[in-house]
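K.L.:
This note's numbering puts the first residue of the sequence shown at 176, with every later residue one more than the last.
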Amino acid sequence: MMRIFLFLATNLAVLVVAGITLKLLGVDRFTGQNHGSLLVFCAVFGFAGSLVSLFISKWMAKMSTRTEIISQPRTRHEQWLLQTVEQLSRDAGIKMPEVGIFPAYEANAFATGWNKNDALVAVSQGLLERFSPDEVKAVLAHEI
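1) I believe Val311 touches Val296 by the beta-carbon criterion, under 8 Å. Please report the beta-carbon distance rounded to the nearest angstrom.
2) List the endpoints of the continuous beta strand (DSSP E) containing Ile276.
3) For Ala218 and Leu199, I'd like the C-alpha separation in whole angstroms.
4) Starting from Ser299, trace the beta strand (DSSP E) both ways and give me its first and last residue.
5) With a threshold of 6 Å on Cβ separation, who are the neighbours of Pro248 within its own chain once the five nearest residues in sequence on each side are excluded?
6) Below 8 Å, how does it come out for the segment 256-270 and the segment 283-294: are there three or more Cβ pairs, yes or no?
7) For a test of the three-state rule: what should DSSP assign to Ala284, helix, strand or coil?
8) Counting only the same chain and skipping the five closest in sequence on each side, list residues whose C-beta sits under 6 Å from that of Phe229.
9) Does DSSP put Ile269 in a helix, a strand or coil?
10) Between Glu318 and Ala279, is the Cβ-Cβ spacing less than 8 Å?
11) Check Ile195 in the structure and name its three-state DSSP category.
12) On the DSSP letters alone, give me the boundaries of the alpha helix (DSSP H) that Thr240 sits inside.
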């Protein structure tokens with residue numbers, strides 16, 4: 176609920192700032208246009224763009240990082256990763272997210288998705304290779 180409120184509040188704040196800026200700069204005197212309709216257009220475009228971005232974020236993250244989703248673990252490291260994410264998500268009271276590994280030397284991790292019960296948690300190969308299990312678990316806890 177708080178996420179929805181913040182989403183709406185941020186978009187409305189942008190509209191208010193745009194409206195005040197147009198008024199202070201006196202843009203309406205030079206163009207002779209109704210800037211109320213421009214703000215409505217910006218609101219529709221802004222909200223729609225934000226929602227589209229939100230709903231495709233998981234797919235975009237998977238494609239851009241070449242994340243491989245672990246559905247059936249093939250190694251003991253993948254098994255450990257799935258079990259750890261399952262335990263952390265259960266402790267957090269959320270549904271088990273998709274879990275993936277992406278090819279990168281850098282130690283990195285991310286979580287994405289349009290809501291907490293339809294998410295993706297992914298870690299880089301570099302994180303798994305260079306960090307201890309306790310450190311990886313701490314990173315996963317942060318992402319969840």
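Glycine is no exception: its CB is placed at the ideal position from the N, C-alpha and C atoms.
P.N.:
In brief:
1) That pair is no contact at about 11 Å.
2) Residue range 273-277 is occupied by the beta strand (DSSP E) that includes Ile276.
3) Cα to Cα, Ala218 sits roughly 20 Å from Leu199.
4) Membership of Ser299 in the beta strand (DSSP E) is indicated by the continuous run 293-299.
5) Around Pro248: Gln254, Leu257.
6) Contact holds: three or more Cβ-Cβ distances are below 8 Å.
7) In this structure, Ala284 counts as strand in the three-state DSSP scheme.
8) First, the amino acid is wrong: residue 229 is Leu here, not Phe. Same-chain partners within the cutoff: Trp289.
9) Under the three-state reduction of DSSP output, Ile269 falls in the coil class, being neither helix nor strand.
10) Cβ distance not < 8 Å, so Glu318 and Ala279 don't count as in contact.
11) Three-state DSSP puts Ile195 in a helix.
12) Element bounds for Thr240: 232-240.
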